[in-house]
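J.: If you're matching them up, the sequences are chains U and Y in order. Residues 1048 to 1227 in our numbering are what the first sequence lists, from first letter to last. Residues 1048 to 1227 in our numbering are what the second sequence lists, from first letter to last.
2 protein chains.
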Amino acid sequence: MEFMEIVKTRRSIRKYLDKDVSDEAVNQVLASVQWSPSWANTQCWEIVVVRDPAMKKKLQASLPPKGNPAFKAMVTAPVVLLVCGKKQTSGYYKRDAATKFGDWIMFDLGIATQSICLTAHSMGLGTVVVGLFDHDKAGEAAGVPDGIELVAMIPMGYPEKSGSPPSRKSIEEFRHDDRF
Amino acid sequence: MEFMEIVKTRRSIRKYLDKDVSDEAVNQVLASVQWSPSWANTQCWEIVVVRDPAMKKKLQASLPPKGNPAFKAMVTAPVVLLVCGKKQTSGYYKRDAATKFGDWIMFDLGIATQSICLTAHSMGLGTVVVGLFDHDKAGEAAGVPDGIELVAMIPMGYPEKSGSPPSRKSIEEFRHDDRF
Chain U
1048 MEFMEIVKTR
1058 RSIRKYLDKD
1068 VSDEAVNQVL
1078 ASVQWSPSWA
1088 NTQCWEIVVV
1098 RDPAMKKKLQ
1108 ASLPPKGNPA
1118 FKAMVTAPVV
1128 LLVCGKKQTS
1138 GYYKRDAATK
1148 FGDWIMFDLG
1158 IATQSICLTA
1168 HSMGLGTVVV
1178 GLFDHDKAGE
1188 AAGVPDGIEL
1198 VAMIPMGYPE
1208 KSGSPPSRKS
1218 IEEFRHDDRF
Chain Y
1048 MEFMEIVKTR
1058 RSIRKYLDKD
1068 VSDEAVNQVL
1078 ASVQWSPSWA
1088 NTQCWEIVVV
1098 RDPAMKKKLQ
1108 ASLPPKGNPA
1118 FKAMVTAPVV
1128 LLVCGKKQTS
1138 GYYKRDAATK
1148 FGDWIMFDLG
1158 IATQSICLTA
1168 HSMGLGTVVV
1178 GLFDHDKAGE
1188 AAGVPDGIEL
1198 VAMIPMGYPE
1208 KSGSPPSRKS
1218 IEEFRHDDRF
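1) To the nearest angstrom, how far is the alpha carbon of Gly1173/U from that of Val1080/U?
2) Assuming Val1095/Y contacts Val1126/Y (C-beta within less than 8 Å), just tell me the rounded distance between them.
3) For the stretch 1075 to 1094 of chain U, which residues have a CB atom closer than 8 Å to at least one CB atom of chain Y, in sequence order?
4) Output yes or no for whether 8 Å exceeds the beta carbon distance between Ala1144/U and Leu1179/Y.
5) Per the contact definition of three or more C-beta pairs closer than 8 Å, is the stretch 1148 to 1157 of chain Y in contact with the stretch 1149 to 1159 of chain U?
6) Kindly indicate the opening and closing residues of the beta strand (DSSP E) around Gly1132/Y.
7) Hey, is the stretch 1180 to 1195 of chain Y in contact with the stretch 1208 to 1216 of chain U, meaning 3+ C-beta pairs nearer than 8 Å?
8) Which same chain residues, not among the five before or five after Ser1169/Y, have their C-beta less than 8 Å away from its C-beta?
9) Do you know offhand how far Ser1162/Y's Cα is from Gly1194/U's?
10) Use the C-beta contact count for Thr1166/U: other C-beta atoms within 10 angstroms, 16 or more gives buried, fewer gives exposed.
11) Determine, using beta-carbon pairs with one atom in the stretch 1199 to 1206 of chain U and one in the stretch 1119 to 1133 of chain U, whether at least three such pairs fall under 8 Å.
12) In terms of alpha-carbon separation, which member of Tyr1063/U, Gly1186/U and Ala1189/U lies closest to Lys1236/U?
13) When you check each C-beta in the stretch 1140 to 1154 of chain Y against every C-beta of chain U, which residues fall closer than 9 Å?
14) Whole angstroms is fine: what's the gap from Lys1066/U's alpha carbon to Ala1188/U's?
15) Is it buried or exposed, Tyr1140/Y, if we count other Cβ atoms within 10 angstroms and call 16 or more buried?
16) Taking the beta carbon of Ser1211/U as the centre, do at least 16 other beta carbons fall within 10 Å, making it buried, or is it exposed?
17) Going by DSSP, what residue range makes up the alpha helix (DSSP H) through Asp1155/Y?
18) Give every residue of the same chain whose Cβ lies closer than 7 Å to the Cβ of Cys1091/Y, excluding the five residues on either side of it in the sequence, and list them in chain order.
19) Just verifying my parser: in three-state terms, what is the DSSP assignment at Ala1087/Y?
20) If we count the other Cβ atoms within 10 Å of its Cβ and call it buried at 16 or more, is Thr1056/Y buried or exposed?
21) Work out the CA separation of Phe1050/Y and Lys1113/U for me, nearest whole Å.
22) Just curious, the beta strand (DSSP E) that Val1096/U is in, first and last residue?
23) Does the Cβ of Lys1103/U have 16 or more other Cβ atoms within 10 Å, making it buried, or fewer, making it exposed?
24) Who pairs with Thr1174/Y in a beta bridge, going by DSSP?
25) Measuring CA to CA, which of Lys1119/U, Asp1070/U and Glu1220/U is closest to Val1175/U?
26) What do you get for Gly1186/U, buried or exposed, if any count of 16 or more other CB atoms within 10 angstroms of its CB means buried?
27) Sort Arg1226/U, Glu1220/U and Met1203/U by Cα distance to Ser1061/U and report the nearest one.
28) Assuming contact is defined by CB atoms lying nearer than 8 Å, are Arg1222/Y and Gly1190/U in contact in what I supplied?
29) Hey, would you say Ser1059/U sits closer than 8 Å to Ala1159/U, going by beta carbons?
30) Going by DSSP, name the residue or residues bridged to Leu1197/U.
31) Using the Cβ count rule (16 or more neighbours within 10 Å means buried), how would you classify Val1068/U?
32) Once you ignore the five residues that flank Thr1089/U on each side, which residues in its own chain have a CB closer than 6 Å to its CB?
33) Closer than 7 Å to a non-hydrogen atom of the ligand SAH - does that hold for the CB of Gly1157/Y?
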């Protein structure tokens, strides 16, 4: 696929084929995190690769049981990636926040998340980004230590089918020229 | 280029050829924002495309004059993209923050930023993400209204040359299996 086709055809995928994802494929996805840019190259990311069904079940329990379309995907996906980051590194200069936004961990993990989503899609893998869950409960289940935040969980597997895209704003709606 | 080659060879570019970036090229980069995933498809992004030299100069004045390697790039790049977002949409359910992280604006703008960086690179364009500046001063210069945050500025142009990559952690350093 052409690069822009990969960007434009990536969808949230919540149903997967009964087909494993090789460790080589997982590492290729992680290589896209490794090569992502980050604040002053701080690389605050830490990724947990979950294949254990019991762990997936525990993590699923941190989602609201109703209203989250990714609830089932947490246990049916062959792999769930936990996107974590070290606090107070990105956005910091020595021990102080360098901007009014404080910790840039969310920004850098957003960058890493898009690397994961696009790279997975380029390999024929589907992903869905899960952000709505009890982060402390999930972090405790996965043994995430103090000083590290678990921010997003990404079920990943070969898509059963691809969906139609949700509607998007036109470029004109969010583009401004020279000033807002 | 292969997709992974685009991911692995993208560098921060701070010196540009004296060559304009067409409006068509800018819109192709913005299409990658348009197709980025976001919290519940909220698409909180707003992008200002700055070509006006006087505006670049004003924005540059919000950077610390020393120690920021992107200082010159703010005025020498043919285009500077201002990555802005609407507050209290991403991460919110109705009027309340849905997680302990509050506003996910930084996460979604991180996603959009990586879309910009990778798409630009796939088109032969160089970018550098600038996060260290006085955000209120820059926002005021660009006329960013209340309720919108200017988070990052991205000078963009055809690279004079590409640099060597800063060192990266190995995958083993940030990969964990089944639990942290």
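Just so it is clear, CB atoms sit at the ideal spot from N, CA and C, and this is done for glycine as well.
T.: The answer reads as follows:
1) A direct Cα-Cα distance of roughly 17 Å separates Gly1173/U from Val1080/U.
2) Contact between Val1095/Y and Val1126/Y fails: their C-beta atoms lie close to 10 Å from each other, not under 8 Å.
3) Within the stretch 1075 to 1094 of chain U, the residues whose Cβ lies closer than 8 Å to any Cβ of chain Y are, in chain order, Gln1075, Leu1077, Ala1078, Ser1079, Val1080, Gln1081, Trp1082, Ser1083, Pro1084, Trp1086, Asn1088, Gln1090, Trp1092, Glu1093 and Ile1094.
4) It is not a contact, given that the beta carbons lie outside the stated cut-off.
5) The answer is yes - the stretch 1148 to 1157 of chain Y touches the stretch 1149 to 1159 of chain U, with three or more Cβ pairs under 8 Å.
6) Where Gly1132/Y is concerned, the enclosing beta strand (DSSP E) starts and stops at Val1126 to Lys1133.
7) Touching, no, given that fewer than three Cβ pairs across the two stretches are closer than 8 Å.
8) Cβ neighbours of Ser1169/Y beyond the five flanking positions: Met1048 and Ile1053.
9) The straight-line gap from Cα to Cα measures roughly 28 Å.
10) Buried, because 16 or more other Cβ atoms sit within 10 Å of the Cβ of Thr1166/U.
11) As far as the Cβ criterion goes, the stretch 1199 to 1206 of chain U touches the stretch 1119 to 1133 of chain U, which means the pair count is three or higher.
12) In the structure as shown, chain U starts at 1048 and stops at 1227, and residue 1236/U therefore has no counterpart that could be examined.
13) Those residues of the stretch 1140 to 1154 of chain Y placed with their C-beta closer than 9 Å to a C-beta in chain U are Tyr1140, Ala1145, Thr1146, Lys1147, Phe1148, Asp1150, Trp1151, Ile1152, Met1153 and Phe1154, ordered along the chain.
14) Using only the alpha carbons, I get a separation of about 26 Å.
15) Looking at its Cβ environment, which holds fewer than 16 other Cβ atoms inside 10 Å, Tyr1140/Y is exposed.
16) With fewer than 16 other Cβ atoms from the protein chains shown falling within 10 Å of its own Cβ, Ser1211/U counts as exposed.
17) In this chain, the alpha helix (DSSP H) harbouring Asp1155/Y covers Ile1152 to Ser1169.
18) Ser1085, Gly1132, Lys1133, Thr1136, Ser1137, Ile1152 and Asp1155, listed in sequence order.
19) The DSSP-derived three-state label of Ala1087/Y is helix.
20) Exposed, since its Cβ has fewer than 16 Cβ neighbours within 10 Å.
21) Those two C-alpha atoms are separated by around 37 Å.
22) Element bounds for Val1096/U: Trp1092 to Val1097.
23) Answer is buried; the Cβ neighbour count reaches 16.
24) For Thr1174/Y, which the question treats as bridged, DSSP gives the partners Ser1059/Y and Met1203/Y.
25) Cα-wise, what sits closest to Val1175/U is Lys1119/U.
26) So Gly1186/U ends up on the buried side.
27) With the sequence shown as reference, residue 1061/U is identified as Arg, and Ser is not the correct amino acid for it. The shortest C-alpha separation from Arg1061/U is found at Met1203/U.
28) In terms of Cβ geometry, Arg1222/Y and Gly1190/U do not form a close pair [threshold 8 Å].
29) No.
30) Looking at the DSSP assignment, Leu1197/U forms a beta bridge with Cys1131/U.
31) Within 10 angstroms of the beta-carbon of Val1068/U lie 16 or more other beta-carbons, which makes it buried.
32) Cβ neighbours of Thr1089/U beyond the five flanking positions: Thr1136 and Ser1137.
33) Among the ligands in the structure shown, none appear at all, so the ligand SAH cannot be discussed.
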